[in-house]
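Undergrad:
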Amino acid sequence: MNRPVFIKELATVAIKRDRKAHRKTLIWLDDRIDPLEKKMDWLAFSPIGRKVNIVWLKEITEFQTWIHTNGLPDAICFDYDLSNSFNSFDCAEVLIDYCYTHQLLPPQWSSHSTNPDGKARINKLLKNYLILANRMNFKSFTD
2 MNRPVFIKEL ATVAIKRDRK AHRKTLIWLD DRIDPLEKKM DWLAFSPIGR KVNIVWLKEI
62 TEFQTWIHTN GLPDAICFDY DLSNSFNSFD CAEVLIDYCY THQLLPPQWS SHSTNPDGKA
122 RINKLLKNYL ILANRMNFKS FTD
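For what it's worth, my numbering labels the leading residue of the sequence shown as 2, then goes sequentially.
#1: What three-state label does DSSP hand residue 2 in the structure shown?
#2: Just to confirm the assignment, what range does the alpha helix (DSSP H) spanning residue 65 have?
#3: Tell me whether the beta-carbon of residue 83 lies closer than 8 Å to the beta-carbon of residue 60.
#4: Whole alpha helix (DSSP H) runs in the region 89-125 with 4 or more residues, listed along the chain?
#5: Answer yes or no: do residue 78 and residue 46 have a C-beta to C-beta separation smaller than 8 Å?
#6: Identify the continuous beta strand (DSSP E) that holds residue 26 and give its terminal residues.
#7: Exposed or buried, residue 76, counting other C-beta atoms within 10 Å across all chains shown (16 or more means buried)?
#8: Might you give, ordered along the chain, the residues of its own chain that have their beta carbon closer than 6 Å to the beta carbon of residue 100, omitting 5 neighbours on each side?
#9: Determine, using beta carbons only, whether residue 30 and residue 142 come nearer to each other than 8 Å.
#10: On the DSSP letters alone, give me the boundaries of the beta strand (DSSP E) that residue 76 sits inside.
#11: Closest to residue 102 by CA distance: which of 32, 134, 52 is it?
#12: Could you give the first and the last residue of the continuous beta strand (DSSP E) run that contains residue 49?
#13: Within 10 Å of its beta-carbon, does residue 86 have 16 or more other beta-carbons around it, so buried, or fewer, so exposed?
Structure (structure tokens):
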């Protein structure tokens with residue numbers, strides 16, 4: 002009769018170990034800068050630290066596909082200027098559309114862009130959405 006409790010306890014311990022071992026996922030959105038480049042500590046821009054699984058995406062269609070296939074990452078680090086006709090502001094709009102549709106708060110974000118106006122546009126858009134999502138009691142994707 003005690004055996005099911007023992008199995009349940011083992012399962013709980015295994016789940017806790019998996020959570021500790023799980024590295025957070027950072028989307029690095031940039032068409033040219035390798036986040037693991039040795040000459041520069043690009044991961045200093047990561048809002049969730051350096052010990053992360055990095056997904057390097059270079060354009061909006063990759064970003065859309067990743068989000069719709071995998072859900073939200075733990076964080077996103079935006080460049081502004083991408084090589085095609087879309088920029089990271091467009092990607093932030095895709096992110097907001099996904100979050101709003103699923104009633105979720107956005108993941109943590111930062112920007113490593115050297116374009117100050119572009120960086121400000123992304124931050125303003127995401128901060129405004131965060132205010133709205135909090136008012137509507139949207140949940141974090143980790144809840």
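Where a beta carbon is used, it is the ideal one built from N, C-alpha and C, also for glycine. Predicted, not measured: the structure shown is a model, and the values here were computed from it.
TA: On the basis of the supplied data:
#1: Caution applies to residue 2, whose pLDDT of 43 falls short of 50 and renders its modelled position unreliable; the value that the coordinates give is listed next. The answer is coil: DSSP assigns residue 2 none of H, G, I, E or B.
#2: Per DSSP, residue 65 is one residue of the alpha helix (DSSP H) stretching across 61-71.
#3: Cβ distance < 8 Å, so residue 83 and residue 60 count as in contact.
#4: The qualifying runs are 89-102.
#5: In terms of Cβ geometry, residue 78 and residue 46 form a close pair [threshold 8 Å].
#6: In the DSSP assignment, residue 26 falls within the beta strand (DSSP E) that extends over 25-30.
#7: The C-beta of residue 76 has 16 or more other C-beta atoms within 10 Å across all chains shown, which makes the residue buried.
#8: Once the five neighbours on either side are set aside, the close Cβ partners of residue 100 are 107.
#9: With respect to residue 142, residue 30 sits apart: the two C-beta atoms are not nearer than 8 Å.
#10: Residues 76-79.
#11: For residue 102, the nearest C-alpha among the options comes from 134.
#12: No beta strand (DSSP E) holds residue 49; DSSP gives it neither H nor E.
#13: Exposed is the label assigned to residue 86, since fewer than 16 other Cβ atoms lie within 10 Å of its Cβ.
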